[in-house]
Amino acid sequence: MDRYVVIGNPIAHSQSPFIHQAFAEQTGQTMDYERLLLSLDNFEGGLGNFVQAGGRGCNITVPFKTDALAVADELSERATLAEAVNTLKVLKDGRLFADNTDGAGLVMDLKRLGVPLAGQRILLLGAGGAARGVMGPLLAEQPATLVVANRTEARAAALASRFAALGPVTHQPLDDLQGAFDLIINSTSASLQGERLTLPASLCHSGTHVYDMMYGREDTPFLCWAAEQGVSKRYDGLGMLVGQAAESFYLWRGVRPDMEPVLQALRARLEQAQ
384 MDRYVVIGNP
394 IAHSQSPFIH
404 QAFAEQTGQT
414 MDYERLLLSL
424 DNFEGGLGNF
434 VQAGGRGCNI
444 TVPFKTDALA
454 VADELSERAT
464 LAEAVNTLKV
474 LKDGRLFADN
484 TDGAGLVMDL
494 KRLGVPLAGQ
504 RILLLGAGGA
514 ARGVMGPLLA
524 EQPATLVVAN
534 RTEARAAALA
544 SRFAALGPVT
554 HQPLDDLQGA
564 FDLIINSTSA
574 SLQGERLTLP
584 ASLCHSGTHV
594 YDMMYGREDT
604 PFLCWAAEQG
614 VSKRYDGLGM
624 LVGQAAESFY
634 LWRGVRPDME
644 PVLQALRARL
654 EQAQ
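So for the sequence shown, this note's numbering puts the first residue at 384; every next one is plus one.
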């Protein structure tokens, strides 16, 4: 049976096995998908052992996304731009093909939710790996502008400069944001850590959509802030998680699964577990 894993540290919380087994059942694919915990200093060795044992591919989560970039033999354009990898495919000759499906997963979910992107003013909070992974796919949707905001403005400026050739991207300091936006996306780890970002109410107008890449049973602190501003169109990142997994599954198996029933099953599973 074809074997796949998700590699990370920690990894016990990962919902990827549930998602991919559901995709396999839906599409009639025969495969096995498990979690693989590796020590922080043994990514290359652990990955090598998995491949030598016949592994066909893997998802990569924190903190190994740049390690995966370093060991890849061939990079997709998305992985090259993001400078991070979340999907590896073992090619027939044993070489490793690397991709980053995070941005595709985000755009897939935004379209599923009916969020317009073309011609829109988009604000992306954060300038780390999560932001890098989604910049290219967001700019490919031809927004009016994409503004990157970060506490360390120099990082936002560097990220904007890196993607400037792909579309209208600028940067602002997180503590001095100006203007109103049609879509605000949080890629920072603030929600994961239970922290609230200090943001001006003027960022929102009556039709603003707000999206947090994090998710949970309850609204994240960022989505709570949006609710306090009167924003009704608020979304968490569970659909992005399923969307990026669907893109990985397609890369491995050549079959594109329907994410909607799997997303509904996953949300029900999380609600029952808490």
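A virtual CB, placed ideally from N, CA and C, is assigned to each residue, including glycine.
Can you tell me which residues form a DSSP beta bridge with F480?
Position 97 of the sequence shown, counted from the start, is the residue given in the question as residue 480. DSSP lists E457, K472 as partners of F480.
Residues in the same chain with beta-carbon distance under 7 Å from F401, minus the five sequence neighbours each way, listed in chain order, please.
Along the sequence shown, one-based indexing puts residue 401 at 18. So the list reads L649, R652, once near-sequence residues are dropped.
Taking only runs of the alpha helix (DSSP H) that begin and end inside the segment 518–548, which ones reach a length of at least 4 residues, in chain order?
Complete alpha helix (DSSP H) runs here, min 4: 536–546.
Considering Cα atoms alone, identify which of T470, Y594, A527, N533 is closest to E457.
To locate residue 457, count along the sequence shown from 1; it is residue 74. Comparing Cα positions, the closest option is T470.
Please classify Q627: is it buried, with 16 or more other beta-carbons within 10 angstroms of its beta-carbon, or exposed?
Here residue 627 refers to the residue found at position 244 of the sequence shown. Classification for Q627: buried.
Looking at L624: is its Cβ nearer than 8 Å to the Cβ of Q404?
Sequence index remark: in the sequence shown, residue 624 carries index 241 (1-based). Sequence index remark: in the sequence shown, residue 404 carries index 21 (1-based). No, the pair does not count as a contact, with Cβ atoms beyond the cut-off.
Tell me the DSSP secondary structure of V445 in three-state form.
For this step, residue 445 is matched to residue 62 along the sequence shown. Reduced to three states, the DSSP call for V445 is coil.
Quick check on DSSP: helix, strand or coil for H592?
As a first step, residue 592 must be located in the sequence shown, where it is residue number 209. H592: strand per DSSP, three-state reduction.
What is the DSSP secondary structure of D602, counted as helix, strand or coil?
The residue you call residue 602 lines up with position 219 of the sequence shown. Of the three classes helix, strand and coil, the one that applies to D602 here is coil, per DSSP.
Give me the residue from T571, T591, E536, A563 with the minimum Cα distance to T603.
Translated into the one-based positions of the sequence shown, residue 603 becomes position 220. Comparing Cα positions, the closest option is T571.
For G492, report the span of its alpha helix (DSSP H) as first-last.
Reading the sequence shown from its first residue, position 109 is the one you call residue 492. The sequence as given places Asp at residue 492; Gly does not occur at that position. Segment 485–495, the alpha helix (DSSP H) holding D492.
On a Cα-Cα basis, can you pick out the residue from F406, L479, D424 that is closest to Q647?
In the sequence shown, residue 647 corresponds to position 264, counting from 1. Minimum Cα distance to Q647 is reached at F406.
Spatial neighbours of R538 within its chain, please: CB distance less than 6 Å, with the 5 preceding and 5 following residues excluded, ordered by chain position.
The residue given as residue 538 occupies position 155 in the sequence shown. Correct list, in chain order: A510.
Tell me, which residues are paired with N432 by DSSP?
Here residue 432 corresponds to residue number 49 of the sequence shown, with the count starting at 1. Per DSSP, none; premise fails for N432.
Which one or two residues does DSSP pair with V389 in a beta bridge?
Residue numbering aside, residue 389 sits at position 6 when the sequence shown is read from its first letter. DSSP output for V389 lists R418, N442 as bridge partner(s).
At what residues does the beta strand (DSSP E) containing R617 begin and finish?
Position 234 of the sequence shown, counted from the start, is the residue given in the question as residue 617. Per DSSP, R617 belongs to the beta strand (DSSP E) from 616–618.
What do you reckon, are the CB atoms on L529 and G502 nearer than 8 Å?
What you label residue 529 is simply residue 146 of the sequence shown in a count that begins at 1. What you label residue 502 is simply residue 119 of the sequence shown in a count that begins at 1. No, they are not a contact pair.
By Cβ distance below 7 Å, which residues in the same chain neighbour A543 in space, the five residues on each side in sequence not counted?
Your numbering for residue 543 matches position 160 in the sequence shown. Cβ neighbours of A543 beyond the five flanking positions: V531, V552, T553, H554.
Looking at C-alpha atoms only, which residue of D492, D559, D565 is the closest neighbour of M642?
Here residue 642 corresponds to residue number 259 of the sequence shown, with the count starting at 1. Among D492, D559, D565, the Cα nearest to that of M642 belongs to D492.
Quick check on the burial criterion: 16 or more other C-beta atoms within 10 angstroms. Buried or exposed for E460?
Numbered from its first residue, the sequence shown carries residue 460 at position 77. With fewer than 16 other Cβ atoms within 10 Å, it is exposed.
Note down the Cα distance separating K420 from V445, rounded to an integer number of angstroms.
Sequence index remark: in the sequence shown, residue 420 carries index 37 (1-based). Sequence index remark: in the sequence shown, residue 445 carries index 62 (1-based). Reading off the sequence, residue 420 comes out as Leu, not Lys. Distance between the alpha carbons of L420 and V445 is about 11 Å.
Looking at the structure shown, is H403 part of a helix, part of a strand, or coil, going by DSSP?
Within the sequence shown, numbered from 1, the residue matching residue 403 stands at position 20. Helix at H403.
In three-state terms, what does DSSP make of P556?
Position 173 of the sequence shown, counted from the start, is the residue given in the question as residue 556. It is a strand residue.
Is the beta carbon of L566 closer than 8 Å to that of G519?
Position 136 of the sequence shown, counted from the first residue, corresponds to residue 519. Position 183 of the sequence shown, counted from the first residue, corresponds to residue 566. Cβ atoms of G519 and L566: not closer than 8 Å.
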